[in-house]
Amino acid sequence: MNIEAAPNDVDTPSSAWRSRADSWEFLGYAFRQLAKGRTRPGGQAANTALKAQARQALSLLHAVELYWAAPGQAAVGQLRAALGSGDFQAGLELLHGLAPKAPGRGGAQSRNNQPPPGAAEGQDDDGDAHRLNVTQRADERPRFEVLVVDDMTADEAGELKAELIAQRRPGDAFTYELVVVPSYQDALVAMLLNPAIQACILRPGFVATSSQPLGRDLRTYLTTHTTPAPAGARPLQQILALAEQLTVLRPEVDVYLTAGVSIESLAGSLTRRFRRIFRKQDHLDLHLSLLSGVAERYRTPFFTALQEYSRKPASVFHALPVSRGGSVVGSPWIRDMADFYGLNLLLAETSATSGGLDSLLDPHGSIKEAQVLAARAFGSQQTFFVTNGTSTANKIVHQSILAPGDVVLVDRNCHKSHHYAFALAGAQVSYLDAYPLDRYAFYGAVPLASIKARLLEYRRAGRLDEVKMITLTNCTFDGIVYDVERVMEECLAIKPDLVFLWDEAWFAFARSHPVFRRRTAMAAARKLEASFGDPAYGTRHAEQAARLWDPVTGQPVDDQAWLETRLIPDPVKARLRVYATQSTHKTLTSLRQGSMIHVFDQDFAERNRESFREAYMTHTSTSPNYQILASLDVGRRQVELEGFGLVQRQADLATSVAQSVARHPLLKKYFRVLTSRDLIEAPYRKTGPAMPHRDGLAALADAWQHDEFVVDPSRLTLDISGTGIDGDTFRHRYLADGHGIQVNKTSRNTVLFMTNIGTSRSSVAYLIEVLVKLAESFEEERSTTAPATRRRALAAVASHGRSAIGAVTAASDDGGTPPLPDFSRFADRFRRDGLCPDGDLRAAYFEGYKAGSTEYLFAEELAARIEAGKEVVSAGFVTPYPPGFPILVPGQVITHKTLEFMAALDTKEVHGFDPERGYRVFVEAGLQPERRTADLERTESQFVDKASAS
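In this text, residue positions in the sequence shown follow my numbering: the first is 4, and each later residue adds one.
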């Protein structure tokens, strides 16, 4: 940490945790050195510099410690006095006493903090331990902080703390401390900075504005993205406004009201906003309520039931020999399984649904309770657990909504599970094309204008009533995030009963952050529900409808007017039917394949309850994995108790990597982290910053409020073009094999890195270290390689991999990967009409099952047939993995562009493509059996020739 550059005001919320932890860490080092009378070479000058840096760190901490219970501003004052008087030993002893409460040292909320980059793990330059946590924490109970908002004197605050401390009992499950702030603004800042706050007590005495030196970012955010304290309002109105804002920022936090008089008259009208209302003197009830509120979020019904079951003696006369370790622990051949996994796993393996356990297919006990708690945590009306991944979750939702013949609009680049679901459901699939990022060989997202145009196309054709559903991926694998609220709002203006499925496989974490949350499906649905209930919204719709509908004919005006207008749906007709599928295991704590389905469907009971149950029964195993279910329960607990802080750090750590790459002179020579300007085309961005998160919370909130698309800041797409190495080789040879760094997705010239809630500062530092080492090796290689040789190597990289899937080649304008192919079209025999582009995916899929209906062709012969003007139709899915979306689907006409793109792929795993036989296509209409036999023989001969040549 560069202490000399540390600000004296309250830092940007996303990075304040890191600055604060580094400052406390540095003070431990500085006081130790000063107490020993030792300095770096340079004598007195170095000693003076060290004290100056310590004063700078204390200035930063004085600005932010108001918002934490401990160590707090009083401790900062004592350390300032010790530094000023030269009593460094007293300061060091104080720091030792503060060790259990220092950030990154004690308390459940900060266990993931790591030492600052560059700090030794356990030693200073003397070899002595200098870390603050020199003693074991005396109290291992989870600790949280309670925010009290009231303008009190120091003595009054001390009395309140003493009163609540006096209520503590040894049997309390948790322990807490109070953070007292005087103003409306300070309360909002505390909620943004301090993730340890789990409850808030509002008292009538607070003032409106903060006297703290708030930084520009915080001031801007408070001004533009929160509702200010109502000027001149009565205390109760100010309290209600603050309660509303606190809930918007951190909906998981319990808010209490303590009042001096007439609480009986307040209770009936304020219950919705406050968990409970107390008289100021009711300290015991308040204390117990604080604990019970956290205990309710801490509760894990199914995980607890499974633990209790595993502790009971039982004899198994049913399935699962592995249950209770029966077939394992006594075996001389497989007991290493118990050694590796532990006995608890085996004790918890059971097929029982009684004894406190429950049935996933018909939950009435602990699983049902766990799902209700998950619905609360994620803001849904209902939540369902899924134990075999979001692939299955998607199939459940589609099968529950779609019937044969229903039209579904879908991003062609969505995960392959959606496409298979359409084949099973029998839907007419109308593919939407995302904007391409040809230079980087992947797609962005589907523009709202394209979605509206497609819906209007069906309206012109008289088929809008057939359109049942739209499915979009939010966020995409590469981190492109939709404006979910706007998409649903404008679509419902055209089709009021449209059903939405948002595939949020990579976005489950977003619920925990106030900026990210607004673009989740569940939050957007709730926001629209509130908007539809506002009479002013109905007035705005009526005014717009007068312009968009012809008063004489009653017909809509021309489509261009609808495309150019931000549409407002009729709040009386519009129905919110919104589903979100999330891979909990991808971005939150869960065992692999742990997923959830979140439902916000105003018509669920009447129109989808039974079909959803049947679809759930169809796709859910009768032997679900209890460990996965328990992990979903625990993961939900973590979301509600520490999700905010973990997600803040996740995004901040990713930004720190991006900044390191941009600033390091050697890294920026070979690598570049793609920004919003690279990943989102200009028409879809209203705001200017290339990396909003880097510029602060206010810039981030601006972009996420106004831009059509934004980029998840925890995704880092690294452009590696400067290395001359393709993405797949870089992933395997240089990262995984060379340094043990795991990534999943690559393109021809990019590698995708993702931080998550488990990413530590140490792992980020290691990634940067590895990138520097690689850049150094490239630099050394470049210095010893002749320019001509270098150009030939780069040319070889540009043409790498084209012979495996096909010999058709074409370069883009910059000489790299050919342009990404849009969805061509369904063959006419699979289309309903020539007016709309939907096709019967199911008919094409199952036609390929018929004997003699398909053949295999290599790319060369496919290209020749296309060149000859023949229509060649795919008989199956062809899906490169990653990213997992099909380049070809059954019934799709194959084009040159498709073959060119496939030829340039560097992905080794391509589902649906047989390298020994080629592409599976439908036999040409009228093709004679003799000709088909000759074609098969020729294909076999070509394969033998290829094998011989290789």
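Even glycine gets a Cβ: it sits at the ideal position worked out from N, Cα and C.
Under 8 Å between C-beta atoms of residue i and residue j
{"i": "residue 900", "j": "residue 822", "result": "yes"}
{"i": "residue 584", "j": "residue 400", "result": "yes"}
{"i": "residue 256", "j": "residue 200", "result": "yes"}
{"i": "residue 527", "j": "residue 491", "result": "yes"}
{"i": "residue 278", "j": "residue 296", "result": "yes"}
{"i": "residue 888", "j": "residue 576", "result": "no"}
{"i": "residue 95", "j": "residue 34", "result": "yes"}
{"i": "residue 259", "j": "residue 182", "result": "no"}
{"i": "residue 421", "j": "residue 410", "result": "no"}
{"i": "residue 760", "j": "residue 650", "result": "yes"}
{"i": "residue 699", "j": "residue 227", "result": "no"}
{"i": "residue 210", "j": "residue 185", "result": "yes"}
{"i": "residue 498", "j": "residue 467", "result": "yes"}
{"i": "residue 680", "j": "residue 693", "result": "yes"}
{"i": "residue 435", "j": "residue 415", "result": "yes"}
{"i": "residue 834", "j": "residue 429", "result": "no"}
{"i": "residue 891", "j": "residue 877", "result": "yes"}
{"i": "residue 715", "j": "residue 752", "result": "no"}
Sequence-distant residues of the same chain with beta carbon closer than 7 Å to residue i, five excluded per side
{"i": "residue 767", "result": "656, 659, 660"}
{"i": "residue 874", "result": "830, 896"}
{"i": "residue 535", "result": "574, 577"}
{"i": "residue 502", "result": "404, 471, 472, 580"}
{"i": "residue 293", "result": "149, 179, 202"}
{"i": "residue 17", "result": "651, 654, 655, 696, 700"}
{"i": "residue 731", "result": "749, 909, 910, 911"}
{"i": "residue 857", "result": "851, 878, 923, 924, 925, 926"}
Residues near residue i by beta carbon distance below 6 Å, same chain, minus five either side
{"i": "residue 638", "result": "587, 591, 592, 593"}
{"i": "residue 373", "result": "304, 305, 636"}
{"i": "residue 21", "result": "none"}
{"i": "residue 126", "result": "With a pLDDT of 37 at residue 126, under the threshold of 50, the modelled position of this residue cannot be trusted; read the value that follows with caution. Contacts found: none."}
{"i": "residue 848", "result": "426, 893"}
{"i": "residue 23", "result": "67, 106"}
{"i": "residue 726", "result": "673, 781"}
{"i": "residue 930", "result": "Summary for residue 930: the model assigns pLDDT 46, below 50, so the residue's position carries little reliability; its value from the coordinates is reported in the next sentence. Excluding residues within five positions, none has a Cβ falling inside 6 Å."}
{"i": "residue 483", "result": "447, 448, 712"}
{"i": "residue 424", "result": "397, 398, 401"}
{"i": "residue 807", "result": "Note that residue 807 scores a pLDDT of 39, beneath 50, so its modelled location is shaky and nothing firm can be said."}
As assigned by DSSP and simplified to three states, the class of residue i
{"i": "residue 839", "result": "coil"}
{"i": "residue 32", "result": "helix"}
{"i": "residue 340", "result": "helix"}
{"i": "residue 26", "result": "helix"}
{"i": "residue 651", "result": "helix"}
{"i": "residue 517", "result": "helix"}
{"i": "residue 659", "result": "helix"}
{"i": "residue 284", "result": "coil"}
{"i": "residue 775", "result": "helix"}
{"i": "residue 831", "result": "helix"}
{"i": "residue 37", "result": "helix"}
{"i": "residue 543", "result": "helix"}
Proximal residues to residue i (C-beta, below 8 Å), its chain only, five neighbours per side dropped
{"i": "residue 709", "result": "689, 690"}
{"i": "residue 230", "result": "244, 247, 248"}
{"i": "residue 898", "result": "824, 827, 869"}
Residue i - partner residues in DSSP beta bridges
{"i": "residue 552", "result": "559"}
{"i": "residue 598", "result": "389"}
{"i": "residue 859", "result": "923"}
{"i": "residue 2", "result": "Nothing can be reported for residue 2, as the shown portion of the chain is limited to 4 through 953."}
{"i": "residue 71", "result": "Residue 71 pairs with nothing; no bridge assigned."}
{"i": "residue 914", "result": "882"}
{"i": "residue 502", "result": "472, 580"}
- Item | Whole beta strand (DSSP E) elements within the segment 178 to 229, 3-residue minimum | The segment 178 to 229 contains, as complete beta strand (DSSP E) runs of 3+ residues, the segments 178 to 184, 200 to 205 (chain order).
- Message: Give the list of continuous alpha helix (DSSP H) stretches no shorter than 4 residues that lie fully inside the segment 666 to 731.
- Response: List check, alpha helix (DSSP H) in window: 670 to 673, 679 to 682, 695 to 698, 700 to 709.
- Task: Just list the alpha helix (DSSP H) runs in the segment 302 to 326, keeping only unbroken ones of 4 residues or longer that don't cross its boundaries, in chain order.
- Result: Runs of the alpha helix (DSSP H) inside the segment 302 to 326: 304 to 314.
- Task: Any chance you could list the alpha helix (DSSP H) runs of at least 4 consecutive residues sitting entirely within the segment 435 to 493, in chain order?
- Result: Fully enclosed alpha helix (DSSP H) runs of 4 or longer: 451 to 463.
- Message: If we require 4 or more residues per run, which alpha helix (DSSP H) segments fall completely within the segment 365 to 424?
- Response: You should have 369 to 381, 392 to 404.
- Item | Secondary structure, beta strand (DSSP E): runs of 3+ residues fully inside the segment 582 to 648 | Within the segment 582 to 648, the complete beta strand (DSSP E) runs of at least 3 residues are 598 to 604.
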